[in-house]
Every structure is written in C-alpha cells, then in structure tokens.
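Chemist: For reference, the structure I am asking about is given below.
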Amino acid sequence: MRHLLSTEDLDKADAIRILDTAEEMAAVSDREVKKLPVLRGRTVVNLFFEDSTRTRISFEAAAKRLSADVINFAAKGSSVSKGESLKDTAQTLEAMGADAVVIRHWASGAPARLAASDWIDAAVVNAGDGTHEHPTQALLDAFTMRRNWARINGTASAGTDLSGMKVAIVGDVLHSRVARSNLWLLRTLGADLTLVAPPTLLPVGVEQWPCSVSYDLDETLATGPHAVMMLRVQGERMNAAFFPSTREYSRRWGFDDRRLAALDAAGARETIIMHPGPMNRGLEISAAAADSPRSTVLQQVRNGVSVRMAALYLLLSGESSSAAPTQEAQR
Ligand code: NCD
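Sequential numbering from 2 applies to the sequence shown in the working numbering.
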C-alpha cells in the first residue's frame, strides 16, 4: 500500500490487515507508556485545507504514538487558486522532507491529484476530500462495528469481516464522504447496508450503489439493524432548503428519544448508535441517544487513533519490515 486515498480501492485482505494491525495498536494505547519507536525519524505532515477537530488531533496523536515528528499545517484562508496552491504547498512540504502527507481538502479528488503528481514522493493519506471519501473514518467505524459484532457473537474480532451484520446509515448522505467511504468498505467486508434519508438528501444514481435505500427510519429500525450510524446534517455544504424545518427533520430522520425508547421496548439490546462527530445534538441525534449506553461515539474517537496508527505504520514502515509492530518495537 503506497497511499490511502479511498476505501473503494481497498481489497478485503488490505482492509482486514489494517483492522488487525489497529487491534495491536489499541493494545499499545492501553499501556501506561503509549508509544512505539517504529516511525522514529519519519515526518508526518497534517495538511488541512478544511476545518477539523477530531480528525486532525487523532492523526497527530497517532503519528506521535509511533514516534514520528509531526508538522501541522492549516492552509485554510489561502487566497491562491486551488491547483497552484496545492502544488506550491506540496513542493514546500517535500523540500522539508515529509514522509507522509495527511490531507483534508474541500475539493473532492485533491488527495488523488497529489498522489498522482510528481510534486512529492510522500505517502498521501486522505483525511476527507469534499463530499468524496474519508477512508480512515470508515476504517475506524468498521473497527468499532467489528468489535461490537464480535461481542454480540461471543467471538474474537481479529481476522474477521462483517458478514451477517446489518447496518443502517441515516441522514445527509448527499453531502457525506463518511457515508461513501462506509458504503465501499462495508460492501468489501460483507455487511448488509441500508441508507435511510429524505429523497432530497440522497445523491442521483444511489439506486446503483451496493445497498438498499429507505425513506422511512422507523421501518428500517423495525428490521433490527445491529448498528445505526447517524450522519451530521452538513449545513455548511447546503445552498438550498433540503428539508422543511429542523423540527420536521428530527421528527422523521433524527434518532430522538421516542426511537431510543422504541429500540429498548423492542428488546434490541445489542443495537449500537454511531456518529462520526461533530454532532448536532437535538437535530440528527438527541442528547439522550448520544449519551446512552448504546452510543459508540467516544469508542469511535478512541478507535480512530488506533486505526490511524495502523494506517501510518503500514504506509511508512514499507517492505523493510513484515514483522508485527509490537514485535518490531521489542527488537
Ligand atoms: C466527518 C467529516 O469531516 O467528514 N467528521 C469527522 O471526520 N469526524 C463528518 C462530518 O463532518 O459530519
């Protein structure tokens, strides 16, 4: 693996290798000293053209736990035209000796452009590009689902996929790179996916995607999904009215208190409620749902560091090492 640009081009073996490596990384994060020396002397640049809290901090924590040097570069506000600014910035980073560039960009395709260019040699990691993809988010979601699925089945998670798991992704699919990355990865891992959204928040051509589509959240919840992922309503990407009112939205598409109670009444004890963050509490998810024992929001954040450690390790340790990261640390 040279770059991590999308989940669409991750095969099953690669996906499971990343998730299994993340399990090893999680064990490191449970230790008192949360650090491995495997990327000592390597430089990871966080290049963020768009706002981010948890993704940027998560990549920073991941790189530091692997002992890499980290440079944070917030490019927001640059007035140079897109192509030029990306090229100039990339060449600057190259000159500074970046080994990996973690890039978030408002333009779909920017990370792929960087990876295909001769501007840099560094490994490129897509940390979210426009409405296109957010592969490490999907990987941390899959990691979280796999652990919970293993718990439900009373098995170990390492080495397994998600066959048999029923997943619903709910809300603003149209603007969501998280939904797209999850779609491809869940297909590869064998989960059964239903997208639930108002028709106005589904992309044209969704019927060709490898999933079912529903407009009715209660109907989908009645089928007993094992994971329900609520998407943020992305106001900043909306230039029109996509639904009548926020009240109407939460009544029809939000995970509100009524739906939480219905899930409890149905005896669906194992169903988890996921959200990538940042949450609009009271809109797509109620405070009670977000803070309930079903919620995996904080598990997702924690798992994000392990998954990003795995991705950086697999990209940067290269062919020089086929040993497991924890074995390598003991050498
Ligand atoms: C997501 C993103 O930025 O795409 N957030 C994240 O990375 N944690 C989802 C979102 O912004 O709604």
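Ideal placement from N, C-alpha and C gives every residue a C-beta, glycine not left out.
1. Is any non-hydrogen atom of the ligand NCD found closer than 7 Å to the C-beta of L56, if you look at the structure I gave you?
2. Following a CB-centred definition, is P136 positioned closer than 7 Å to any heavy atom of the ligand NCD?
3. Does E208 pass the burial test, meaning 16 or more other C-beta atoms within 10 Å, or should it be called exposed?
4. Please go through the same chain and pick out, in chain order, the residues whose beta-carbon is closer than 6 Å to the beta-carbon of S287, but skip the five residues on each side of it.
5. What number of angstroms, rounded off, separates the C-alpha of L240 from the C-alpha of A169?
6. At the level of alpha carbons, what is the spacing between V308 and R147?
7. Please classify S80: is it buried, with 16 or more other beta-carbons within 10 angstroms of its beta-carbon, or exposed?
8. Tell whether a beta-carbon distance below 8 Å holds between N127 and I104.
9. If contacts are defined as beta-carbon pairs under 8 Å, then S68 and V39 qualify, I think. What distance do you get, rounded to the angstrom?
10. Please report the distance separating the alpha-carbon of F243 from that of V29.
11. Quick one: any contact between the region 9-27 and the region 198-207, if contact means 3 or more CB pairs under 8 Å?
12. What distance in whole Å lies between the Cβ atoms of L175 and W210, which are believed to be in contact at a cut-off of 8 Å?
13. Cα-Cα, which of H227, L186 and D119 is closest to A14?
14. V229 by DSSP, collapsed to three states: which one?
15. Which residues bound the beta strand (DSSP E) around I170?
16. Can you tell me which of A124, D70 and R57 puts its alpha carbon nearest to the alpha carbon of R3?
17. Where do the N-terminal and C-terminal ends of the alpha helix (DSSP H) with V302 fall, by residue?
18. Per DSSP, which residues does L196 bridge with? Please list them.
19. Could you check which residue in D193, A108, G155 and R41 has the C-alpha nearest to that of A143?
20. Check the C-beta distance from A76 over to L48 and give it rounded, since I have them as a contact under 8 Å.
Modeler: Taking the coordinates as given:
1. In the sequence on display, residue 56 carries Thr and not Leu. Yes.
2. no
3. exposed
4. D257 and D258
5. One point to set straight first is that residue 240 is Asn, not Leu, in the sequence displayed. C-alpha separation (whole angstroms): 26 Å.
6. 13 Å
7. Bear in mind that a pLDDT of 46 at S80, under 50, signals an unreliable position, so the model cannot answer this.
8. yes
9. 7 Å
10. 44 Å
11. no
12. Incorrect: roughly 12 Å between the Cβ atoms, too far for contact.
13. L186
14. strand
15. K167 to V171
16. A124
17. V298 to L317
18. I170 and V214
19. D193
20. 6 Å
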